[in-house]
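S.K.: Below you will find the structure I want to go over with you.
Protein chains: 2
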Amino acid sequence: MTLRDMALEKMRAAIIAGHFQSGDRLVERPLCDQLGVSRSVVRETIRYLEAEGLVEILPNKGPIVAKLDWENAQQIYEIRMLLETSAAQKCAELAKDGDKKKLGKALAQLKLAYSSGETNDLFEATTLFYQYIFEISGQNVAWEVVQRLNGRISRLRAMTLGTRDRHDAGYKRIEKIFSAIDTNDPQAAAAAIQLHLTEAANIAKTLLTAELSKSEK
Amino acid sequence: MTLRDMALEKMRAAIIAGHFQSGDRLVERPLCDQLGVSRSVVRETIRYLEAEGLVEILPNKGPIVAKLDWENAQQIYEIRMLLETSAAQKCAELAKDGDKKKLGKALAQLKLAYSSGETNDLFEATTLFYQYIFEISGQNVAWEVVQRLNGRISRLRAMTLGTRDRHDAGYKRIEKIFSAIDTNDPQAAAAAIQLHLTEAANIAKTLLTAELSKSEK
DNA sequence: GGTGATAAGATGGTATACCATAATACCGAA
DNA sequence: TTCGGTATTATGGTATACCATCTTATCACC
């Protein structure tokens with residue numbers, strides 16, 4: 001693994017974990033010190049993150065962590081809705097016994113993470129569950145797209161998962177997705193995932209608007 | 001505009017125009033000579049294109065122009081189908097008189113390009129038409145996604161447009177999309193764009209499989 | 001004549017030096 | 001005291017030098 005890959009992962013993780021606030025300037029030389037790499041590496045990493053949409057470049061100012069308003073977040077949730085609904089549908093059509101087993105394991109992990117309350121575990125378990133759905137449905141490109149979009153709303157997702165683990169309706173809804181796939185019921189799978197995402201988007205909206213109104217006062 | 005931006009545009013254009021074949025190695029130093037910039041610029045540009053999916057990095061080999069098989073292309077067409085259908089639908093719902101006028105102008109451009117037979121003009125006019133649709137529907141993020149995906153199948157699109165201008169059924173289908181939007185008929189707009197894309201995907205498949213079987217012999 | 005090893009060249013990875021520009025702070029004059 | 005200008009510094013943009021590694025070709029030995 002190259003230095004760039006490591007730097008990329010670290011920075012992505014730092015942004016997603018909220019270690020950098022949205023709008024923060026990413027000054028190159030301090031980043032070099034923090035990551036222990038040269039500017040070349042940092043700059044190439046930033047270019048990659050820029051293309052990913054996690055970082056914006058202000059002309060003659062340099063890179064900042066991309067800002068996220070509800071306008072864009074909402075659009076991202078809508079796109080995810082389309083792609084994930086389609087994936088869940090196809091997944092329910094195609095899932096064989098082996099696939100269901102794999103999904104079942106991911107669900108078990110998810111349950112564990114929900115009960116433990118570790119937001120990080122929850123994040124990973126959720127990601128894995130979705131990854132399997134896209135894998136089984138054979139839509140690796142769509143999964144790429146979703147992952148990239150998720151990067152841009154990662155802070156929102158973390159916040160959403162953080163609140164959702166309290167009232168664990170979230171887990172129930174995911175279980176519903178699983179059982180629809182398990183019984184090879186495409187319609188139900190699509191409906192279940194749609195419901196889940198709508199709920200997630202609502203929570204996200206509440207949290208984000210609350211945050212914005214707070215920061216304005 | 002920075003050197004990087006110019007280099008980026010040039011390289012993207014070169015890849016899209018087929019100046020580089022898919023699978024070709026992108027050797028850094030020759031690229032520096034061709035673009036008249038330093039390696040730093042070339043490397044950062046390549047990072048960006050890598051994130052865009054236009055370029056792949058082979059470990060210890062360096063960057064190559066991303067290969068495109070029908071498997072992936074098909075997935076891209078499917079994703080476009082979802083996003084563009086949704087956009088056309090919303091567009092037909094929301095389009096005001098001013099929007100329709102703008103779209104109408106783009107359509108006129110498109111007609112001109114069809115009759116001139118210039119693949120390049122056709123490419124640009126088509127892009128503009130779609131851009132307006134996404135703009136009017138207020139889905140700028142989805143447009144970003146579509147553009148990025150289009151980059152990866154740009155060669156296919158150019159080939160498709162190249163053949164389609166002969167039998168101009170393509171233009172008729174686009175006209176149908178326009179008139180559906182013009183009459184604010186979301187259902188018809190969705191159906192029309194779906195038909196158009198299906199057709200495009202079919203042509204693309206034919207061309208691509210023909211090309212692959214030819215290169216194998 | 002074939003196979004393997006070694007050396008040379010090419011290529012990507014990394015680090016650093018230099019330059020242009022924009023923001024800021026300080027000083028002087030009104 | 002305030003406004004404006006100049007100088008300094010911080011930062012991004014660009015270029016280049018150096019190093020590690022992989023590939024390939026040639027030569028020697030079997």
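Protein chains in written order, with the UniProt record's numbering: chain A, 1 to 217; chain B, 1 to 217. Cβ coordinates follow ideal geometry from the N, Cα and C atoms, glycine included.
1. Excluding the 5 residues preceding and the 5 following A:Ala169 in the sequence, name in chain order all residues of the same chain whose CB lies nearer than 8 Å to its CB.
2. Taking C-alpha atoms, which residue in A:Pro59, A:Ala87, A:Thr183, A:Gly23 lies nearest to A:Val141?
3. A:Ile193 and A:Ile203 - do their beta-carbons sit closer together than 8 Å?
4. Is the shortest distance between the beta-carbon of B:Ala190 and the beta-carbons of chain A less than 8 Å?
5. Taking Cβ positions, are B:Ser154 and B:Ile16 nearer each other than 8 Å?
6. Using a beta-carbon distance cut-off of less than 7 Å, what residues from the segment 68 to 92 of chain B approach chain A?
7. What residues in its chain sit with their C-beta under 8 Å from that of A:Gln74, if we drop five residues either side in the sequence?
8. Assess, as a yes-or-no matter, whether the segment 66 to 82 of chain B is touched by the segment 45 to 56 of chain B under the definition of 3 or more beta carbon pairs within less than 8 Å.
9. Hey, quick one: how far does the alpha helix (DSSP H) through A:Gly151 stretch, first residue to last?
10. Just to confirm my understanding: we take B:Ala158, look at its own chain, exclude 5 residues before and 5 after, and list those with CB closer than 8 Å. What are they?
11. Give a yes or no on whether the minimum CB-CB distance between A:Arg25 and chain B is below 8 Å.
12. Looking only at C-alpha atoms, which of B:Lys102, B:Arg148, B:Asp24 sits nearest to B:Glu135?
13. Quick check: the Cα distance between B:Val24 and A:Gln109, rounded to an integer number of angstroms?
14. Just the chain B side, please: which residues come within less than 8 Å of A:Val141 by C-beta, in chain order?
15. Starting from the C-beta of B:Glu175, find all residues in its chain whose C-beta is less than 6 Å away, skip the five residues before and the five after it, and write them out in chain order.
16. Consider the Cβ of B:Ser40: report whether some Cβ of chain A lies at a distance smaller than 8 Å.
17. Restricting to Cα atoms, I'd like to know which of B:Leu8, B:Leu3, B:Asn60 is closest to B:Gly151.
18. A:Val55 touches chain B at which residues, Cβ-Cβ below 7 Å?
19. Along the chain, where does the beta strand (DSSP E) containing B:Pro63 start, and where does it finish?
20. Quick one, which residues of the segment 157 to 187 of chain B are near chain A if we go by CB-CB under 9 Å, in chain order?
21. Taking B:Val42 as part of the alpha helix (DSSP H), name the residues at either end of that continuous run.
22. So the candidates are B:Glu84, B:Thr183, B:Thr209; which of them puts its Cα closest to the Cα of B:Gly104?
M.R.: Here's the rundown:
1. Taking the first residue of the first sequence as 1, we reach residue 169 of chain A at position 169. Excluding residues within five positions, the ones whose Cβ falls inside 8 Å are Glu199.
2. The residue given as residue 141 of chain A occupies position 141 in the first sequence. The shortest Cα separation from A:Val141 among A:Pro59, A:Ala87, A:Thr183, A:Gly23 belongs to A:Ala87.
3. Counting from 1 along the first sequence, the entry for residue 203 of chain A is found at position 203. Counting from 1 along the first sequence, the entry for residue 193 of chain A is found at position 193. No, the Cβ-Cβ distance between A:Ile203 and A:Ile193 is not below 8 Å.
4. Taking the first residue of the second sequence as position 1, residue 190 of chain B is located at position 190. Judged by the 8 Å Cβ criterion, B:Ala190 is not in contact with chain A.
5. Within the second sequence, numbered from 1, the residue matching residue 154 of chain B stands at position 154. Within the second sequence, numbered from 1, the residue matching residue 16 of chain B stands at position 16. The answer is yes: Cβ separation under 8 Å.
6. Asn72, Gln75, Ile76, Ile79, Leu82, Leu83, Ser86
7. Taking the first sequence and counting its residues from 1, the one referred to as residue 74 of chain A is at position 74. Only Ala201, Lys205 meet the Cβ criterion.
8. yes
9. Taking the first sequence and counting its residues from 1, one reaches residue 151 of chain A at position 151. Unbroken alpha helix (DSSP H) run through A:Gly151: 140 to 152.
10. Position 158 of the second sequence, counting from 1, holds the residue named residue 158 of chain B. Contacts found: Ile16, Ala17, Gly18, Thr119, Phe123.
11. Reading the first sequence from its first residue, position 25 is the one you call residue 25 of chain A. Cβ-Cβ to chain B under 8 Å: no for A:Arg25.
12. Position 135 of the second sequence, counted from the first residue, corresponds to residue 135 of chain B. Comparing Cα-Cα distances from B:Glu135 to each of B:Lys102, B:Arg148, B:Asp24, the minimum goes to B:Lys102.
13. Numbered from 1 along the second sequence, position 24 holds the residue referred to as residue 24 of chain B. Numbered from 1 along the first sequence, position 109 holds the residue referred to as residue 109 of chain A. Per the sequence shown, residue 24 of chain B should be read as Asp rather than Val. Spanning the two alpha carbons is a distance of roughly 43 Å.
14. The count along the first sequence starts at 1 and reaches residue 141 of chain A at position 141. What A:Val141 touches in chain B: Asn72, Gln75, Ile76, Ile79, Leu149.
15. Counted from its first residue, the second sequence places residue 175 of chain B at position 175. None.
16. Here residue 40 of chain B corresponds to residue number 40 of the second sequence, with the count starting at 1. Chain A contact via Cβ: present.
17. Here residue 151 of chain B corresponds to residue number 151 of the second sequence, with the count starting at 1. Selected option, being the one with the closest Cα: B:Leu8.
18. Here the question's residue 55 of chain A lines up with position 55 in the first sequence. Those within 7 Å of A:Val55 in chain B number zero; the least Cβ separation is about 11 Å.
19. Taking the second sequence and counting its residues from 1, the one referred to as residue 63 of chain B is at position 63. Taken as a continuous stretch (DSSP letters only), the beta strand (DSSP E) holding B:Pro63 covers 62 to 65.
20. none
21. Taking the second sequence and counting its residues from 1, the one referred to as residue 42 of chain B is at position 42. Segment 39 to 52, the alpha helix (DSSP H) holding B:Val42.
22. To locate residue 104 of chain B, count along the second sequence from 1; it is residue 104. Measuring from the Cα of B:Gly104, the nearest candidate turns out to be B:Thr183.
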